[in-house]
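In this note's numbering, the protein residues as written are 1 to 307.
Just so you know, even glycine gets a beta-carbon here, dropped at the ideal spot from N, CA and C.
Input: a single structure, listed below in C-alpha coordinates.
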(Lines of atoms letter the chains of each structure in order from A; the text may use other names.)
(Lines give C-alpha, C1' and ligand atoms only; values in the text may rest on other atoms or scores of the structure.)
Protein backbone atom coordinates (compact mmCIF):
# COMPACT_ATOMS: atom_id res chain seq x y z
CA UNK A 1 0.00 0.00 0.00
CA UNK A 2 1.36 3.43 -1.04
CA UNK A 3 2.17 5.78 1.84
CA UNK A 4 3.07 9.47 1.93
CA UNK A 5 5.29 10.37 4.90
CA UNK A 6 6.24 13.89 5.96
CA UNK A 7 9.41 13.39 8.01
CA UNK A 8 12.03 10.86 9.06
CA UNK A 9 10.24 10.04 12.32
CA UNK A 10 7.32 8.73 10.30
CA UNK A 11 9.75 6.64 8.25
CA UNK A 12 11.25 5.26 11.47
CA UNK A 13 7.77 4.10 12.52
CA UNK A 14 7.42 1.99 9.36
CA UNK A 15 8.01 -1.66 10.16
CA UNK A 16 10.00 -4.19 8.17
CA UNK A 17 13.01 -4.00 5.89
CA UNK A 18 13.47 -0.67 4.10
CA UNK A 19 15.25 0.07 0.84
CA UNK A 20 15.75 3.81 0.32
CA UNK A 21 16.43 6.01 -2.71
CA UNK A 22 17.69 9.47 -1.73
CA UNK A 23 17.60 12.60 -3.88
CA UNK A 24 15.74 15.69 -5.00
CA UNK A 25 14.50 13.96 -8.20
CA UNK A 26 13.26 17.14 -9.90
CA UNK A 27 11.17 15.80 -12.77
CA UNK A 28 12.05 12.14 -12.07
CA UNK A 29 13.95 11.83 -15.35
CA UNK A 30 15.59 8.65 -16.67
CA UNK A 31 18.68 9.16 -14.51
CA UNK A 32 16.54 9.56 -11.40
CA UNK A 33 14.53 6.51 -12.41
CA UNK A 34 17.74 4.46 -12.39
CA UNK A 35 18.35 5.39 -8.74
CA UNK A 36 14.75 4.76 -7.74
CA UNK A 37 14.70 1.52 -9.71
CA UNK A 38 17.70 0.22 -7.78
CA UNK A 39 15.80 0.59 -4.49
CA UNK A 40 12.65 -0.97 -5.96
CA UNK A 41 14.63 -3.91 -7.35
CA UNK A 42 16.34 -4.47 -3.99
CA UNK A 43 12.97 -4.56 -2.24
CA UNK A 44 11.56 -7.07 -4.70
CA UNK A 45 14.63 -9.33 -4.67
CA UNK A 46 15.51 -9.14 -0.97
CA UNK A 47 12.14 -8.49 0.62
CA UNK A 48 10.87 -5.33 2.24
CA UNK A 49 9.54 -2.04 0.93
CA UNK A 50 11.05 0.67 -1.28
CA UNK A 51 10.85 4.30 -0.18
CA UNK A 52 11.97 7.50 -1.88
CA UNK A 53 13.32 10.15 0.48
CA UNK A 54 13.12 13.56 -1.16
CA UNK A 55 12.88 17.24 -0.28
CA UNK A 56 10.58 20.20 -0.85
CA UNK A 57 11.22 22.87 -1.83
CA UNK A 58 14.32 22.19 -3.93
CA UNK A 59 17.26 22.54 -1.48
CA UNK A 60 19.11 25.03 -3.69
CA UNK A 61 16.20 27.45 -3.29
CA UNK A 62 17.09 27.65 0.40
CA UNK A 63 20.88 27.26 0.25
CA UNK A 64 21.63 29.43 -2.80
CA UNK A 65 18.42 30.98 -4.16
CA UNK A 66 20.35 33.07 -6.67
CA UNK A 67 21.41 29.81 -8.41
CA UNK A 68 18.05 28.06 -8.15
CA UNK A 69 16.22 27.11 -11.35
CA UNK A 70 13.34 29.44 -12.10
CA UNK A 71 11.08 26.61 -13.25
CA UNK A 72 10.10 23.07 -12.27
CA UNK A 73 9.64 19.92 -14.30
CA UNK A 74 6.86 18.60 -12.07
CA UNK A 75 4.83 19.74 -9.12
CA UNK A 76 5.29 17.83 -5.87
CA UNK A 77 1.97 16.07 -6.44
CA UNK A 78 3.02 15.05 -9.95
CA UNK A 79 6.38 13.82 -8.67
CA UNK A 80 4.62 11.58 -6.16
CA UNK A 81 2.34 10.27 -8.92
CA UNK A 82 5.31 9.44 -11.15
CA UNK A 83 7.14 7.72 -8.30
CA UNK A 84 4.13 5.59 -7.41
CA UNK A 85 4.07 4.43 -11.04
CA UNK A 86 7.69 3.25 -10.73
CA UNK A 87 6.79 0.65 -8.11
CA UNK A 88 7.79 2.66 -5.04
CA UNK A 89 5.90 1.74 -1.88
CA UNK A 90 6.13 5.15 -0.27
CA UNK A 91 7.66 8.60 -0.40
CA UNK A 92 9.09 10.68 2.43
CA UNK A 93 8.87 14.41 1.65
CA UNK A 94 11.15 16.32 4.01
CA UNK A 95 10.50 20.03 4.36
CA UNK A 96 13.80 21.66 3.43
CA UNK A 97 14.10 24.92 5.35
CA UNK A 98 16.96 26.85 6.93
CA UNK A 99 16.83 24.71 10.08
CA UNK A 100 17.07 21.46 8.11
CA UNK A 101 19.88 22.93 5.99
CA UNK A 102 21.99 23.23 9.15
CA UNK A 103 21.75 19.48 9.84
CA UNK A 104 25.09 17.69 9.52
CA UNK A 105 25.55 14.67 7.27
CA UNK A 106 26.06 12.24 10.15
CA UNK A 107 22.99 13.47 12.02
CA UNK A 108 20.92 13.05 8.85
CA UNK A 109 22.06 9.45 8.31
CA UNK A 110 21.44 8.53 11.95
CA UNK A 111 17.92 9.96 11.78
CA UNK A 112 17.42 8.15 8.49
CA UNK A 113 18.24 4.85 10.19
CA UNK A 114 16.31 5.54 13.39
CA UNK A 115 13.88 2.74 14.04
CA UNK A 116 16.07 0.22 12.25
CA UNK A 117 15.34 -1.88 9.21
CA UNK A 118 17.28 0.14 6.61
CA UNK A 119 18.81 -2.54 4.38
CA UNK A 120 20.03 -0.50 1.42
CA UNK A 121 20.43 3.11 0.34
CA UNK A 122 20.57 4.05 -3.36
CA UNK A 123 21.98 7.40 -4.51
CA UNK A 124 23.53 8.92 -7.62
CA UNK A 125 27.32 8.77 -7.59
CA UNK A 126 27.66 12.54 -7.28
CA UNK A 127 24.99 13.09 -4.62
CA UNK A 128 26.12 15.34 -1.77
CA UNK A 129 24.18 16.16 1.37
CA UNK A 130 24.36 17.62 4.85
CA UNK A 131 25.62 20.96 6.11
CA UNK A 132 28.33 22.21 3.77
CA UNK A 133 27.62 19.26 1.45
CA UNK A 134 30.02 17.17 3.55
CA UNK A 135 28.20 13.90 2.93
CA UNK A 136 29.38 11.93 -0.12
CA UNK A 137 29.79 8.32 -1.24
CA UNK A 138 32.85 7.68 0.93
CA UNK A 139 31.01 9.01 3.97
CA UNK A 140 27.82 7.07 3.18
CA UNK A 141 29.73 3.84 2.68
CA UNK A 142 31.44 4.27 6.06
CA UNK A 143 28.13 5.04 7.74
CA UNK A 144 26.59 2.02 6.05
CA UNK A 145 29.22 -0.24 7.58
CA UNK A 146 28.43 1.20 11.00
CA UNK A 147 24.63 1.31 10.68
CA UNK A 148 24.20 -1.93 8.75
CA UNK A 149 22.97 -0.84 5.32
CA UNK A 150 24.39 -1.45 1.86
CA UNK A 151 25.20 1.55 -0.30
CA UNK A 152 24.14 1.29 -3.96
CA UNK A 153 25.85 4.05 -5.99
CA UNK A 154 24.18 4.51 -9.38
CA UNK A 155 26.09 5.92 -12.36
CA UNK A 156 24.49 8.76 -14.38
CA UNK A 157 22.45 7.82 -17.44
CA UNK A 158 23.84 9.22 -20.70
CA UNK A 159 22.03 10.40 -23.82
CA UNK A 160 23.68 11.69 -26.98
CA UNK A 161 27.11 11.78 -25.36
CA UNK A 162 26.20 13.68 -22.21
CA UNK A 163 24.56 12.92 -18.88
CA UNK A 164 20.84 13.43 -18.53
CA UNK A 165 20.07 16.26 -16.15
CA UNK A 166 17.13 18.43 -15.17
CA UNK A 167 19.00 21.43 -16.59
CA UNK A 168 19.27 19.77 -20.02
CA UNK A 169 15.58 18.89 -19.96
CA UNK A 170 14.51 22.42 -19.01
CA UNK A 171 16.61 23.78 -21.88
CA UNK A 172 15.07 21.30 -24.33
CA UNK A 173 11.54 22.26 -23.24
CA UNK A 174 12.43 25.94 -23.56
CA UNK A 175 13.63 25.20 -27.10
CA UNK A 176 10.45 23.26 -27.91
CA UNK A 177 12.45 20.07 -28.58
CA UNK A 178 9.97 17.59 -27.16
CA UNK A 179 11.54 14.60 -28.90
CA UNK A 180 14.67 15.12 -26.80
CA UNK A 181 12.55 15.83 -23.73
CA UNK A 182 10.73 12.53 -24.09
CA UNK A 183 14.00 10.60 -24.43
CA UNK A 184 15.45 12.15 -21.29
CA UNK A 185 12.28 12.06 -19.19
CA UNK A 186 11.22 8.60 -20.28
CA UNK A 187 7.67 9.88 -20.75
CA UNK A 188 5.70 12.60 -22.50
CA UNK A 189 6.14 15.97 -20.80
CA UNK A 190 2.98 17.68 -19.71
CA UNK A 191 2.06 20.79 -17.79
CA UNK A 192 -0.94 21.00 -15.54
CA UNK A 193 -3.01 23.80 -14.16
CA UNK A 194 -6.39 24.66 -12.76
CA UNK A 195 -8.87 26.06 -15.26
CA UNK A 196 -9.60 29.66 -14.25
CA UNK A 197 -12.09 32.20 -15.52
CA UNK A 198 -10.78 34.65 -18.08
CA UNK A 199 -12.24 37.48 -20.11
CA UNK A 200 -14.25 34.97 -22.21
CA UNK A 201 -12.98 36.65 -25.38
CA UNK A 202 -12.38 33.25 -26.98
CA UNK A 203 -16.06 32.39 -26.58
CA UNK A 204 -17.01 35.72 -28.15
CA UNK A 205 -14.75 34.92 -31.09
CA UNK A 206 -16.34 31.50 -31.49
CA UNK A 207 -13.43 29.53 -30.03
CA UNK A 208 -13.93 29.09 -26.28
CA UNK A 209 -10.78 28.33 -24.31
CA UNK A 210 -9.84 26.74 -21.01
CA UNK A 211 -7.37 29.13 -19.36
CA UNK A 212 -4.67 27.52 -17.24
CA UNK A 213 -2.27 29.02 -14.76
CA UNK A 214 0.70 26.65 -14.76
CA UNK A 215 2.62 28.10 -11.82
CA UNK A 216 6.36 27.45 -11.89
CA UNK A 217 6.33 24.63 -14.44
CA UNK A 218 8.77 24.89 -17.35
CA UNK A 219 7.00 26.02 -20.52
CA UNK A 220 7.96 25.84 -24.21
CA UNK A 221 8.28 28.88 -26.52
CA UNK A 222 5.30 31.21 -26.73
CA UNK A 223 2.97 30.68 -29.65
CA UNK A 224 0.27 28.38 -30.95
CA UNK A 225 0.60 24.63 -30.37
CA UNK A 226 -1.36 21.53 -31.29
CA UNK A 227 -2.04 19.85 -27.95
CA UNK A 228 -3.70 16.92 -26.30
CA UNK A 229 -4.73 16.43 -22.70
CA UNK A 230 -4.27 13.46 -20.44
CA UNK A 231 -8.03 13.69 -19.91
CA UNK A 232 -8.61 12.65 -23.54
CA UNK A 233 -9.20 15.86 -25.53
CA UNK A 234 -7.23 17.43 -28.36
CA UNK A 235 -7.06 20.97 -29.55
CA UNK A 236 -4.91 24.02 -30.13
CA UNK A 237 -3.44 26.24 -27.45
CA UNK A 238 -1.99 29.71 -27.33
CA UNK A 239 0.81 30.30 -24.87
CA UNK A 240 1.73 33.92 -24.25
CA UNK A 241 0.49 37.36 -23.24
CA UNK A 242 -2.21 37.98 -25.94
CA UNK A 243 -0.87 41.26 -27.43
CA UNK A 244 -3.83 41.83 -29.78
CA UNK A 245 -6.29 42.25 -26.90
CA UNK A 246 -4.12 44.28 -24.56
CA UNK A 247 -1.71 41.70 -23.18
CA UNK A 248 -1.40 40.55 -19.61
CA UNK A 249 0.14 37.73 -17.60
CA UNK A 250 1.58 34.76 -19.46
CA UNK A 251 -1.24 32.26 -19.81
CA UNK A 252 -1.93 28.94 -21.49
CA UNK A 253 -5.29 29.09 -23.32
CA UNK A 254 -6.53 25.77 -24.69
CA UNK A 255 -9.30 25.42 -27.26
CA UNK A 256 -10.54 21.81 -27.09
CA UNK A 257 -11.98 20.40 -30.31
CA UNK A 258 -15.67 19.46 -30.18
CA UNK A 259 -15.92 20.08 -26.44
CA UNK A 260 -18.86 21.76 -24.75
CA UNK A 261 -18.77 21.46 -20.99
CA UNK A 262 -17.81 23.05 -17.70
CA UNK A 263 -14.16 22.94 -16.66
CA UNK A 264 -13.72 25.81 -14.19
CA UNK A 265 -11.92 24.63 -11.08
CA UNK A 266 -10.82 21.36 -12.71
CA UNK A 267 -7.17 20.50 -13.44
CA UNK A 268 -6.04 19.77 -16.99
CA UNK A 269 -2.79 18.08 -17.99
CA UNK A 270 -1.63 19.42 -21.37
CA UNK A 271 0.91 17.82 -23.74
CA UNK A 272 2.46 19.79 -26.60
CA UNK A 273 2.38 17.92 -29.92
CA UNK A 274 3.42 20.38 -32.63
CA UNK A 275 4.37 24.04 -32.81
CA UNK A 276 2.30 25.93 -35.40
CA UNK A 277 3.42 29.57 -35.17
CA UNK A 278 4.74 32.23 -32.85
CA UNK A 279 2.47 34.58 -30.94
CA UNK A 280 1.51 37.57 -33.10
CA UNK A 281 -0.17 40.93 -32.69
CA UNK A 282 -3.01 41.38 -35.18
CA UNK A 283 -4.66 44.56 -36.47
CA UNK A 284 -7.90 43.75 -34.65
CA UNK A 285 -10.21 41.02 -33.38
CA UNK A 286 -11.58 40.20 -36.85
CA UNK A 287 -8.10 39.37 -38.11
CA UNK A 288 -7.44 37.45 -34.89
CA UNK A 289 -10.66 35.45 -35.40
CA UNK A 290 -9.66 34.50 -38.95
CA UNK A 291 -6.22 33.37 -37.79
CA UNK A 292 -7.63 31.28 -34.94
CA UNK A 293 -9.94 29.60 -37.46
CA UNK A 294 -6.91 28.78 -39.62
CA UNK A 295 -5.01 27.49 -36.56
CA UNK A 296 -7.91 25.21 -35.71
CA UNK A 297 -8.12 23.93 -39.29
CA UNK A 298 -4.39 23.18 -39.40
CA UNK A 299 -4.47 21.65 -35.91
CA UNK A 300 -7.23 19.24 -36.89
CA UNK A 301 -5.29 18.32 -40.03
CA UNK A 302 -2.12 17.63 -38.00
CA UNK A 303 -4.05 15.28 -35.72
CA UNK A 304 -5.67 13.51 -38.69
CA UNK A 305 -2.28 12.93 -40.29
CA UNK A 306 -0.36 11.92 -37.18
CA UNK A 307 -3.00 10.46 -34.91
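Ranked by how close their Cα comes to the Cα of residue 8, the residues 74, 96, 81 and 41 have 96 in first place.
Contact between the stretch 89-106 and the stretch 42-51 is established, with three or more Cβ pairs separated by less than 8 Å.
Per DSSP, reduced to three states, the secondary structure at residue 92 is strand. When secondary structure is reduced to three states using DSSP, residue 132 falls in the helix class. For residue 86, there is no enclosing beta strand (DSSP E), as DSSP marks it with neither H nor E. Between residue 251 and residue 239, the C-beta spacing is below 9 Å. Only buried fits residue 220, as 16 or more other CB atoms lie within 10 angstroms of its CB.
With respect to residue 224, residue 273 sits apart: the two C-beta atoms are not nearer than 9 Å. Excluding five sequence positions before and after residue 12, the CB atoms of its chain that fall closer than 7 Å to its own CB belong to 114 and 115, given in chain order. The C-alpha of residue 73 lies about 32 Å from the C-alpha of residue 288. DSSP links residue 162 through a beta bridge to 159. From the listed residues 256, 295 and 112, the smallest Cα separation to residue 10 is found for 112. Around residue 131, the same chain offers 101, 102, 103, 104 and 105 as residues with beta carbons nearer than 8 Å, after the five sequence neighbours per side are excluded. Looking from the CA of residue 301, the closest CA among 263, 281, 257 and 280 belongs to 257.
In this structure, residue 155 places its C-beta atom within 9 Å of the C-beta atom of residue 34. Take residue 216, set aside five residues on each side of it, and the residues of its chain with a beta-carbon closer than 7 Å to its own are 71 and 72, in chain order.
Note on geometry: alpha-carbon atoms of residue 304 and residue 182 lie some 22 Å from one another. With contacts defined as CB atoms closer than 9 Å, residue 227 and residue 236 qualify as a contacting pair. Within 10 angstroms of the beta-carbon of residue 167 lie fewer than 16 other beta-carbons, which makes it exposed.
Counting C-beta atoms within 10 angstroms of its own C-beta, residue 233 has 16 or more neighbours from the protein chains shown and is therefore classed as buried.
About 6 Å separates the Cβ atoms of residue 108 and residue 129, confirming a contact at the 8 Å cut-off.
Unbroken alpha helix (DSSP H) runs of no fewer than 4 residues, entirely contained in the stretch 188-266, are found at 201-205, following chain order.
For residue 112, the enclosing alpha helix (DSSP H) has its first and last residue at 105-112.
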